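Taking it in order: structure first as structure tokens, then the write-up.
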Amino acid sequence: MNYQIKNLDELHFWVQGFVIQLQQKNNATIIQLSGDVGAGKTTFTQSLGRVLRISEPITSPTFVIQKEYKIHNHPWIKKLIHFDAYRLEKKEDLEYLGWNEIINNSENLIIIEWPEMVSGIAMPDVISIKLEINKDHTRTLTVNNVNRN
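Quick note on numbering: our numbering labels position 105 of the sequence shown as 106, and the sequence is numbered without any gaps.
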């Protein structure tokens, strides 16, 4: 499914509706974000943080690979875990950070930027969002649910 996003307000509105539709599963909810540099992957995550009322600033975890944010006011999402796999060389790098334990907690919402850098890693029931920059500086979000069980 494709969505056209004209500005940050539209993105925030879209993310609000997206979060409402998320349903708790037996394992973590995983959202993989792909797109060119500057396409809006971290901006998407920042908007998600606003919707979930995370008070601390959400910044790109490019250099630290992973950042975690506690969530206090959602019925089942208790932690947002934001990964940036751009600097990783293989899936084992992510596994070393405790990936398998993280994905087994149904209260975790995981955002992973640059998922192609860790292809082959276990990711059951992924929501894949591709962000593309259009010539008029709007964004196209292409959303696919990928069941990998």
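All residues carry an ideal CB built from backbone N, CA and C; glycine is no exception. Keep in mind it's a predicted model, so treat the numbers as computed, not measured.
| Start and end of the alpha helix (DSSP H) containing Glu102? | Trp100 to Ile104
| query | Hey, which unbroken runs of the beta strand (DSSP E) at 3 residues or more fall wholly within the segment 9 to 68? | reply | 30 to 35
| request: Please name the residue, chosen from Asn145, Asn28, Ile55 and Lys7, that lies closest to Ala155 on a Cα-to-Cα basis. | output: The structure shown does not extend to residue 155, since the chain is modelled only from 2 through 150, so no value can be given for it.
| Where does Lys80 fall in DSSP's three states? | strand
| query | Near Glu114, which residues of its chain fall below 6 Å by C-beta distance, leaving aside the five closest residues on each side in sequence? | reply | Leu34, Lys42 and Asp85
| How would you write the range of the beta strand (DSSP E) that Ile132 sits in, first residue to last? | Reading off the sequence, residue 132 comes out as Leu, not Ile. Looking at the DSSP string, the run of the beta strand (DSSP E) that includes Leu132 is Val127 to Ile134.
| Identified DSSP bridge partners for Lys71 | Lys80
| Okay, do the segment 93 to 103 and the segment 42 to 54 touch, 3+ Cβ pairs below 8 Å being the bar? | no
| query | What did DSSP end up calling Asn114 once you bin it into helix, strand or coil? | reply | Asn is not the amino acid found at residue 114; the sequence shown has Glu there. Strand at Glu114.
| said: Restricting to Cα atoms, I'd like to know which of Asn145, Asn146 and Arg140 is closest to Asp37. | reply: Arg140
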